[in-house]
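Asker: Going by UniProt numbering, the letters in the sequence shown line up with residues 1 to 312, in that order.
Where a beta carbon is used, it is the ideal one built from N, C-alpha and C, also for glycine.
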Amino acid sequence: MASLAFPSMAKKATLSDGTLYGYVAHPSSRAGGITSLLLHGYPSSCYDWRHQIKRLSAAGYGVIAPDLLGYGDTDKPTDQTSYRLNSMSYHMAEILDIENVERCVALGHDWGCGLLSRLVTYIPDRLVGIVPTSVGYIQPGMDWDIDVFNAHTEDLFGYPTYGYWPWHNTDDAVGDCDEHPASVFTLIYAANPEDWKINLAPRGAAAQDRILAQGYRGPMNWYKAAMRGVNRIDEAEVPEADRRCHLPTLLIVGEKDYVTKADVNIAVTKRWAHDLRVENFDSGYWVQLERPDELHRVLEDFALELTSRLSS
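1) Confirm, please, whether the CB-CB distance from residue 31 to residue 351 is below 7 Å.
2) Is residue 121 buried or exposed, if buried means 16 or more other CB atoms sit within 10 Å of its CB?
3) Under the rule that 16 or more other beta-carbon atoms within 10 Å means buried, what is residue 233, buried or exposed?
4) May I ask you to verify whether the stretch 88 to 105 touches the stretch 234 to 243, counting CB pairs closer than 8 Å and requiring at least 3?
5) What number of angstroms, rounded off, separates the C-alpha of residue 268 from the C-alpha of residue 137?
6) Considering only the beta carbon of each residue, do residue 89 and residue 109 sit closer than 7 Å?
7) Using a Cβ-Cβ cutoff of less than 6 Å, which residues in the same chain neighbour residue 281 once the five nearest sequence positions on both sides are dropped?
8) Run the CB neighbour count on residue 248, radius 10 Å, all protein chains shown included, and call it buried at 16 or more, exposed below.
9) Would you mind listing the beta strand (DSSP E) stretches within the stretch 221 to 277 that are 3+ residues and don't spill past its ends, in chain order?
10) Residue 120 by DSSP, collapsed to three states: which one?
11) Compute the beta-carbon to beta-carbon distance between residue 230 and residue 83, rounded to the nearest angstrom, for a pair I have assumed lies under 8 Å.
12) Skipping 5 residues on each side, what residues in its chain have a beta carbon closer than 6 Å to that of residue 19?
13) Alpha carbon to alpha carbon, how far is residue 49 from residue 296?
14) Kindly indicate which residue of 107, 309, 125, 44 has the alpha-carbon position closest to the one of residue 215.
15) Under a three-way DSSP split, which group does residue 281 fall into?
16) Quick one: what's got a C-beta closer than 6 Å to residue 139's C-beta in the same chain, skipping five residues either side?
17) What do you get for residue 225, buried or exposed, if any count of 16 or more other CB atoms within 10 angstroms of its CB means buried?
18) Report all residues from its chain with a CB closer than 6 Å to the CB of residue 63; omit the five preceding and five following residues, and keep chain order.
19) Distance, Cα to Cα, residue 198 vs residue 6?
20) For residue 307, report the span of its alpha helix (DSSP H) as first-last.
21) DSSP has residue 5 in a bridge; who is on the other side?
22) Within the continuous beta strand (DSSP E) that includes residue 23, where are the two ends?
23) Could you say which of 171, 251, 106, 130 lies nearest to residue 218 if we only look at CA atoms?
24) What would DSSP say about residue 77, mapped onto helix, strand or coil?
25) Less than 7 Å between the C-beta atoms of residue 250 and residue 101, yes or no?
26) Compute the Euclidean distance between the alpha carbons of residue 264 and residue 23, then round it to the nearest angstrom.
27) What are the boundary residues of the beta strand (DSSP E) that includes residue 36?
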């Protein structure tokens, strides 16, 4: 959470619709330095980006890392319709406005990539490039059947890669996770990436206790909103030409990621993102935690490339 991870950089802002966001912000201190917008996933907070926040800010780059809706220092509405990717995209635009950042490079991990993909759809003029991490670009209007997807991946890989999604969509999931937070945390942040094949260890357990002190209802609503069609009406109105990503895209994948699968994400992102570069790391799902030094070198190289493009 923002106030835990970097108290000296932590801020709070109430947006125009009344939603309170907690976030970390550090202004750029170098000429032409690009600001990075870091979007975390489930079941996390901006704390998952702590290595990147330290390294990017130390190198003079601007950083904005919000606790996304349902997490940390940010509001946690119980209504699933509050988790529309459309409205959350404009929340990010408001935070950029508050921090006087006209355009940024946006990075996402896990569900942060779902929101990242909709920033491309709804506020592309605020972006200079994107970095989806562990999950590729997700085109709007994709109304897919989770049971069919799991059956397909079980045929391909020997196990259903998203086998946990239907359970996340149940009303029992929140209570089960709230009753056994240590078990959930140990499973999700598994020391051995192969554990996810069977069970889908812990890092920073004390911090995680504070991050999820208010329970899993908000985090689970990201899954429920996706599976219950909350975004369907918004995305049905997106023109076909706007379903593609025309921004410079750096896709980060982990060779030992046994859930989202590097090859699958590369193939899907290639179909929808035309200006694509791929970096495949010797890591599991949590690339930003497992390979922070290597990732920083790649991110800084991408930032320099974007700066060069903007100045040419």
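Answerer: On the basis of the supplied data:
1) The structure shown does not extend to residue 351, since the chain spans only 1 to 312, so no value can be given for it.
2) buried
3) exposed
4) no
5) Taking the straight line from one Cα to the other gives about 7 Å.
6) no
7) 254, 287, 291
8) buried
9) 249 to 254
10) helix
11) 6 Å
12) 75
13) 11 Å
14) Of 107, 309, 125, 44, the residue nearest in Cα terms is 44.
15) strand
16) 243, 272
17) buried
18) 26, 36, 53, 56, 57
19) Residue placement at residue 198 is flagged as unreliable, the pLDDT there being 43, under the threshold of 50; a coordinate-derived value is accordingly withheld.
20) 292 to 311
21) Per DSSP, none; premise fails for residue 5.
22) 20 to 26
23) Out of 171, 251, 106, 130, 171 has the C-alpha closest to the C-alpha of residue 218.
24) Of the three classes helix, strand and coil, the one that applies to residue 77 here is coil, per DSSP.
25) no
26) 32 Å
27) 35 to 39
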